[in-house]
Amino acid sequence: MASSQTKARVLILGLGLLLATSLLTGCGVAGASLERYFQVGYIAEASDDLDDVVLPTAIVPKQFLIMADGEEREIFLTADTVAEVLSEVGISLGEFDRVVPDLDATATDKATISVVRVTKQEEVVYNRIYFQEVRRANNNLEHGVVRTIQQGKEGRKADYYEIILEDGQEVVRSIVKSEVVTPKVDRIVEYGTIGTLSRGGNTYRFTKVLYATATAYTAGPESTGKSPGHPLYGITYSGLRVQVGHIAVDPKVIPLLSNVYIEGLDTFSATYDGNYYATDIGSAIKGNKIDIYFENVEEARKFGVRQVKVYVLGK
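This is how it looks when you write it as C-alpha cells:
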C-alpha cells in the first residue's frame, strides 16, 4: 500500500514539474537524473533515489524602463548587466554614445536606462576681417589737409568648429582653427601738419608747436668747460661754429638742424622773438627745454630762465 502511494506521489510530482517547466521560460534544471522523472507516465520505482532530484528554481524577470531615440519602453528581462539589457532589446550604440548607468553596471529591478546619442560635426563659419585706418603725418601738407593714399578693403577668414550634439541638440561648440581666406587691406590716410605763422610781415610754415623752458649759455668755460684755446671751443654738436641765433635742443623733441621761431611769453623774453637754428645739444637739455646762445655771460645771466613758445618750421 505504501509503495503504491509513493509511486502515485512521484507521478503527481512529475506531472506538476512538467507543467511548471512548460510555463517557465529560461528556468534551469540541476541534477543529472531529473529529466527522466518528467517523462509522461513514468512511475518511480522503490529503488529510485529521490534525493537526487533537484527541482527547478523560478527566475523572476526584472522590470526596466529604457529611454532611447526619443522613446520610452518598459520591458521585463532577466539580464544581469545594462549591456545585456540593451543587447536583448536590440539597441546598438555608436562610437560616442553615452549610457546611464554604465554598460558594465548591474541591471537592477525597476532601473531606468538612458541612451544618449552623441554625434560630432564640423562646421565652417566665414567672418569678415575689418580693415583699420592708418593715419600718417605729412610734413609737406598744409595743416587741415587730409588725403587718402590707399583705400581700405575688408578681408575674410574661415573659422573651423567642432560641434557635439546629444540627441540632436548642440551642447558644445569649440573652434579648432582659423584661416585667413582673403587678407584685409588697411586704409592709409595722410594729414598735413604744416601751419602758418605771420610775424613782422613774414609768413612761416610750421610743423610743430610746443611750450618750452628756455635757458641761456655761452661758448666759455662757465657753460661748456672749454676755453678759447681749446680746439673745440665754440664748436656745436652739429659741427657748426656757434653764433647768435643758435640754440641747443633735445633732438628727440626738436630735430637737430631745424629752424624754429621762438616767442617769449613775458615782456623781457619777447625782445628775443625771432628765428633760431637748432645746432647744439646739452646734457641738461632734455624734453621741452632749449638753451639759447649768448655772446657774453652778463647777457646770458640776465636772460635767466624763461617760458617760451617754439614753432618748429617746415623746410
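Everything in the sequence shown is counted per our numbering, starting at -2 for the first residue and increasing by one.
All residues carry an ideal CB built from backbone N, CA and C; glycine is no exception.
Given the structure is predicted, the values throughout are model-derived calculations rather than measurements.
So if DSSP puts D263 in a beta bridge, which residue, or which two residues, is it bridged to?
Answer is none; D263 lacks a bridge partner.
Pull up the CB-CB distance for V257 and V182, whole angstroms please, since I reckon it's below 8 angstroms.
Their Cβ separation, rounded to whole angstroms, is 39 angstroms, which puts V257 and V182 out of contact at 8 angstroms.
Can you give, in chain order, each stretch of the beta strand (DSSP E) that sits fully within the region 231 to 258 and has at least 3 residues?
243 to 245
Where I191 and H140 are concerned, what is the direct C-alpha to C-alpha distance, given to the nearest angstrom?
5 angstroms
Taking C-alpha atoms, which residue in G301, E167, L62 lies nearest to T116?
E167
State yes or no: is the C-beta of G271 within less than 8 angstroms of the C-beta of I259?
yes
Starting from K223, trace the beta strand (DSSP E) both ways and give me its first and last residue.
Run containing K223: none; DSSP gives neither H nor E here.
Nearest to A216 by alpha carbon, out of K205, A209, V206, P228?
P228
If I126 sits next to I63, beta carbons under 8 angstroms apart, how far is it from one beta carbon to the other, in whole angstroms?
So it is not a contact: roughly 50 angstroms between Cβ atoms.
Between V239 and K249, what straight-line distance do the alpha-carbon atoms span, to the nearest angstrom?
21 angstroms
Residues in its own chain within less than 6 angstroms of F93 by CB, not counting five upstream and five downstream?
V115
Beta-carbon proximity list for T212, same chain, < 6 angstroms, skipping 5 on both sides
D288, V302
Can you give the beta carbon distance from T210 to N285, rounded, assuming they're within the 8 angstroms contact cut?
7 angstroms
Residue range of the unbroken beta strand (DSSP E) whose run includes F203:
199 to 214
Go through its chain and collect everything with a Cβ distance to F300's Cβ below 6 angstroms, but skip five positions before and after it.
A213
Quick check on DSSP: helix, strand or coil for A102?
coil
Specify the secondary structure class of L16 as computed by DSSP and reduced to three states.
With a pLDDT of 40 at L16, under the threshold of 50, the modelled position of this residue cannot be trusted, and the question is left open.
Distance check for V121 and V173, CA to CA, integer angstroms please.
10 angstroms
Buried/exposed call for I282, threshold 16 Cβ in 10 Å
buried
When the Cα of F291 is compared with those of K306, G231, D263, which residue comes out closest?
G231
Please tell me whether I278 and V246 are closer than 8 angstroms, where the distance is taken between their beta carbons.
yes
Buried or exposed, going by whether 16 or more other CB atoms sit within 10 Å of the CB of S336?
Residue 336 cannot be examined here, being either before or after the span of the chain that is shown, -2 to 312.
Compare the beta carbon distance of A102 and V79 with 8 angstroms and say whether it is the shorter of the two.
yes
Rounded to a whole number of angstroms, what is the C-alpha to C-alpha distance between E163 and G67?
12 angstroms
Please classify V37 as buried or exposed, where buried requires at least 16 other C-beta atoms within 10 Å of its C-beta.
Confidence in V37 is poor, its pLDDT being 39 and thus under 50, which makes the residue's placement unreliable; the coordinate value appears in the next sentence. With fewer than 16 other Cβ atoms within 10 Å, it is exposed.
Nearest-angstrom Cα distance between Y157 and T179?
16 angstroms
Look up G11 in the DSSP assignment and say whether it is helix, strand or coil.
Reliability fails at G11, whose pLDDT of 44 lies under 50, so the model's placement of it is uncertain and no value is given.
Nearest neighbour of E295, chosen from L207, V177, S220 [CA to CA]
S220
Can you find the residues in the same chain that come closer than 6 angstroms, C-beta to C-beta, to S224, ignoring five residues on each side of it along the sequence?
P218
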